[in-house]
Amino acid sequence: MSKLEIKDNFYLDNEPFRIISGAVHYFRIVPQYWRDRLEKLKAMGANTVETYIPWNMHEPKKGRFVFDGMLDIRSFVLLAQELGLYVILRPSPYICAEWEFGGLPGWLLKEDGM
Numbered sequence: 001m002s003k004l005e006i007k008d009n010f011y012l013d014n015e016p017f018r019i020i021s022g023a024v025h026y027f028r029i030v031p032q033y034w035r036d037r038l039e040k041l042k043a044m045g046a047n048t049v050e051t052y053i054p055w056n057m058h059e060p061k062k063g064r065f066v067f068d069g070m071l072d073i074r075s076f077v078l079l080a081q082e083l084g085l086y087v088i089l090r091p092s093p094y095i096c097a098e099w100e101f102g103g104l105p106g107w108l109l110k111e112d113g114m
């Protein structure tokens with residue numbers, strides 16, 4: 001497993017490393033197009049893909065989790081790895097990304113203390 005360090009620079013396995021990243025939001029793209037989009041990102045010179053993880057899509061109802069189809073983040077990350085890309089995951093609770101309620105699930109508003 002590689003080791004990423006931050007000193008005066010980023011280092012990957014003790015070698016200076018420049019992160020060249022672009023965003024590809026897996027949850028906005030049907031899985032059949034993930035490879036195409038990641039290959040295009042890599043062709044532009046990126047070595048890293050970053051993506052948010054929208055809580056409201058992965059837990060649409062309290063306690064009900066969804067990780068298939070367009071929400072199969074594991075397959076997305078494995079595909080990026082297969083293509084030689086590093087991945088920066090940006091989990092909720094708040095994700096920006098012009099996303100409804102910032103990615104927070106609507107059911108959260110019914111919780112005590114919210």
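If you use UniProt numbering, the sequence shown closes out at 114, no skipped numbers anywhere. A virtual CB, placed ideally from N, CA and C, is assigned to each residue, including glycine.
Per DSSP, Val87 is paired with what?
Paired residues: Val49.
Going by other Cβ atoms of all chains shown within 10 Å of its Cβ, with 16 needed for buried, is Phe27 buried or exposed?
That one is buried.
Report the residue from Ile19, Gly103, Gly69, Val77 whose alpha carbon sits nearest the alpha carbon of Ala46.
The option with the nearest alpha carbon to Ala46 is Ile19.
From the DSSP output, read off the bridge partner residues of Ser21.
Note: Ser21 is bridge-paired with Thr48 in the DSSP secondary-structure output.
Since Tyr11 sits in a beta bridge, which residues does DSSP pair it with?
Beta-bridge analysis with DSSP links Tyr11 to Glu5, Pro16.
Beta bridge counterpart(s) of Arg64 as assigned by DSSP
In the DSSP output, where bridge partners are listed per residue, Arg64 has Lys61.
If you draw a straight line from the C-alpha of Pro93 to the C-alpha of Gly103, how long is it?
Straight-line spacing of the CA atoms in Pro93 and Gly103 works out to 7 Å.
Asp36 in three-state terms, based on DSSP:
Of the three classes helix, strand and coil, the one that applies to Asp36 here is helix, per DSSP.
Measure the C-alpha to C-alpha separation of Leu78 and Arg37 and round it to an integer number of angstroms.
If I take the Cα positions, the gap works out to 14 Å.
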